[in-house]
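Enquirer: The end of the sequence shown is residue 275 by this note's numbering, with every number in the run present. For each residue, glycine too, the CB sits at the ideal point set by N, CA and C. As the structure is a computational prediction, the values presented were derived from the model and not from experiment.
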Amino acid sequence: MLNSNKVSEIKIIISGFLRDLDSLNNSGSISPVRWEELNIAADLIKQKLNTLMIEQERYSKDEEIRKLNQTIAELKRSFSDVQLNVSKSFLPHLPADEKSKLRIAVEEEEMELFYDGRTSILDAAESAIIAWKTDLPGPAIENLNHAITLNDKLFFIKGLFNDDEEQYRLSIQKLNEMRSMEEALEYTRAAFPDWDETSNIIYRFYMILRRKLDV
61 MLNSNKVSEI KIIISGFLRD LDSLNNSGSI SPVRWEELNI AADLIKQKLN
111 TLMIEQERYS KDEEIRKLNQ TIAELKRSFS DVQLNVSKSF LPHLPADEKS
161 KLRIAVEEEE MELFYDGRTS ILDAAESAII AWKTDLPGPA IENLNHAITL
211 NDKLFFIKGL FNDDEEQYRL SIQKLNEMRS MEEALEYTRA AFPDWDETSN
261 IIYRFYMILR RKLDV
């Protein structure tokens with residue numbers, strides 16, 4: 061099952077690409093700068109299609125993680141029920157030092173399954189959801205405004221900045237001055253704590269941001 065965010069983004073890029081081609085057909089010629097933009101768009105479409113292919117290949121692995129995650133949650137609920145029953149029926153009758161020993165023994169027996177020997181399954185499952193962290197962002201840019209189309213700008217102002225164009229302008233200006241994605245995320249998470257980092261609009265915004273700070 062392909063990620064709808066990536067499919068939607070490819071559709072947006074292709075739509076703009078086709079409009080540029082229509083413009084070429086109507087005018088008969090375009091500037092060298094527009095030719096360069098067309099080539100960049102073509103490369104970006106190719107990269108996005110490769111990302112979809114990789115997504116398809118890893119889907120089975122992500123599905124396995126999801127099922128394991130569900131199993132772990134069920135086991136934890138069952139284990140909590142057992143702990144509750146033990147604490148009610150057994151622990152009150154033990155001396156204080158014996159209760160402490162039993163609690164320590166139970167804690168030492170709790171295990172967290174790992175996906176690759178280092179990353180827990182729960183962390184891996186979360187990373188699989190946050191696609192903008194791992195997808196290829198596209199060609200590097202020097203200025204965010206070079207990659208933000210008019211439709212993007214209107215989309216971001218309405219969906220992320222509460223229709224406040226001045227807040228959008230100031231935020232883009234600050235982000236353009238930053239040198240790393242970590243610095244940018246620290247700023248956006250502090251300034252806009254209500255942003256949903258699993259949403260389509262955040263995917264689009266952060267993928268553009270990564271083209272400047274993470275390529």
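Can you list, in chain order, the stretches of the beta strand (DSSP E) that have 3 or more residues and sit fully within the stretch 229–274?
Expert: none
Enquirer: Tell me the rounded alpha-carbon separation between D274 and E243.
Expert: Position 214 of the sequence shown, counted from the first residue, corresponds to residue 274. Position 183 of the sequence shown, counted from the first residue, corresponds to residue 243. So the alpha carbons of these two residues sit roughly 11 angstroms apart.
Enquirer: Hey, is the stretch 247–255 in contact with the stretch 196–213, meaning 3+ C-beta pairs nearer than 8 angstroms?
Expert: Segments in contact, no.
Enquirer: So, is W192 buried or exposed, given that buried needs 16 or more other C-beta atoms within 10 angstroms?
Expert: As a working note, residue 192 is residue 132 in the sequence shown. It is buried - the Cβ of W192 has at least 16 other Cβ atoms within 10 Å.
Enquirer: What first and last residue would you give for the alpha helix (DSSP H) that runs through L220?
Expert: Against the sequence shown, residue 220 aligns to sequence position 160. Its alpha helix (DSSP H) spans residues L210 to L220.
Enquirer: Check whether the stretch 68–77 touches the stretch 94–111, taking contact to mean three or more Cβ pairs, one atom from each stretch, closer than 8 angstroms.
Expert: yes
Enquirer: Give me the residue from D254, H206 and I114 with the minimum Cα distance to I100.
Expert: Here residue 100 refers to the residue found at position 40 when the sequence shown is read from its first residue. Relative to the Cα of I100, the nearest Cα in the group D254, H206 and I114 belongs to H206.
Enquirer: Hey, how far is the Cα of R126 from the Cα of I132?
Expert: For this step, residue 126 is matched to residue 66 along the sequence shown. For this step, residue 132 is matched to residue 72 along the sequence shown. When the Cα atoms are used, R126 and I132 turn out to be separated by approximately 10 angstroms.
Enquirer: For M241, I'd like the list of residues in its chain whose CB is within less than 8 angstroms of its CB, leaving aside the five on either flank, ordered along the chain.
Expert: Start at 1 with the first residue of the sequence shown, and residue 241 comes out as number 181. Taken in chain order, the residues that qualify are L269, R270, L273 and D274.
Enquirer: Pull up the distance between the alpha-carbon of E117 and that of E226, whole angstroms please.
Expert: Here residue 117 is taken as the residue at index 57 of the sequence shown, counted from 1. Here residue 226 is taken as the residue at index 166 of the sequence shown, counted from 1. Computed Cα separation, rounded: 43 angstroms.
Enquirer: Relative to the C-alpha of N222, which residue among M113, A251 and E124 is closest?
Expert: To locate residue 222, count along the sequence shown from 1; it is residue 162. The residue among M113, A251 and E124 with its C-alpha nearest the C-alpha of N222 is A251.
Enquirer: Can you find the residues in the same chain that come closer than 8 angstroms, C-beta to C-beta, to E97, ignoring five residues on each side of it along the sequence?
Expert: Against the sequence shown, residue 97 aligns to sequence position 37. Closer than 8 angstroms at the Cβ level, and outside the excluded window around E97, lie D80.
Enquirer: N2 by DSSP, collapsed to three states: which one?
Expert: Any answer about residue 2 is impossible in this case: the structure gives the chain only from 61 up to 275.
Enquirer: Under 7 angstroms Cβ to Cβ from E257, same chain only, skipping five residues before and after it: list those, please.
Expert: Locating residue 257 in the sequence shown gives position 197, where the first residue counts as 1. The beta carbon of E257 sits closer than 7 angstroms to the beta carbons of I190 from its chain, once the five residues preceding and following it are set aside; these are given in chain order.
Enquirer: Could you tell me whether the Cβ atoms of W260 and S91 are closer together than 8 angstroms?
Expert: The residue given as residue 260 occupies position 200 in the sequence shown. The residue given as residue 91 occupies position 31 in the sequence shown. Correcting the residue identity first, residue 260 is Asn in this sequence and not Trp. No, these two residues do not count as a Cβ contact at 8 angstroms.
Enquirer: Considering only heavy atoms of the ligand MN, does any lie closer than 7 angstroms to the CB of E117?
Expert: Here there are no bound small molecules, and the ligand MN is not part of this structure.
Enquirer: Using the Cα positions of G198 and Y266, report the straight-line distance between them to the nearest angstrom.
Expert: The residue you call residue 198 lines up with position 138 of the sequence shown. The residue you call residue 266 lines up with position 206 of the sequence shown. Roughly 12 angstroms separates the two Cα atoms.
Enquirer: To which residues of the same chain is D224 closer than 8 angstroms at the C-beta, ignoring the five residues directly before and after it?
Expert: Along the sequence shown, read from residue 1 onward, the residue named residue 224 stands at position 164. Within the same chain, D224 has close Cβ partners I217.
Enquirer: Which same chain residues, not among the five before or five after I70, have their C-beta less than 8 angstroms away from its C-beta?
Expert: By one-based count along the sequence shown, residue 70 stands at place 10. Counting only Cβ-Cβ distances below 8 angstroms, and skipping sequence neighbours, we find I105, K108, L109 and L112.
Enquirer: Using the three-state DSSP reduction, which class does A91 fall into: helix, strand or coil?
Expert: Residue 91 sits at position 31 when you count from the first residue of the sequence shown. Checking the displayed sequence, the identity of residue 91 turns out to be Ser instead of Ala. Reduced to three states, the DSSP call for S91 is coil.
Enquirer: DSSP three-state label for E97, please.
Expert: Counted from its first residue, the sequence shown places residue 97 at position 37. It is helical.
Enquirer: Take the Cβ of N86 as the centre, count every other Cβ of all protein chains shown within 10 Å, and call the residue buried at 16 or more, exposed below.
Expert: Taking the first residue of the sequence shown as position 1, residue 86 is located at position 26. Exposed, because fewer than 16 other Cβ atoms sit within 10 Å of the Cβ of N86.
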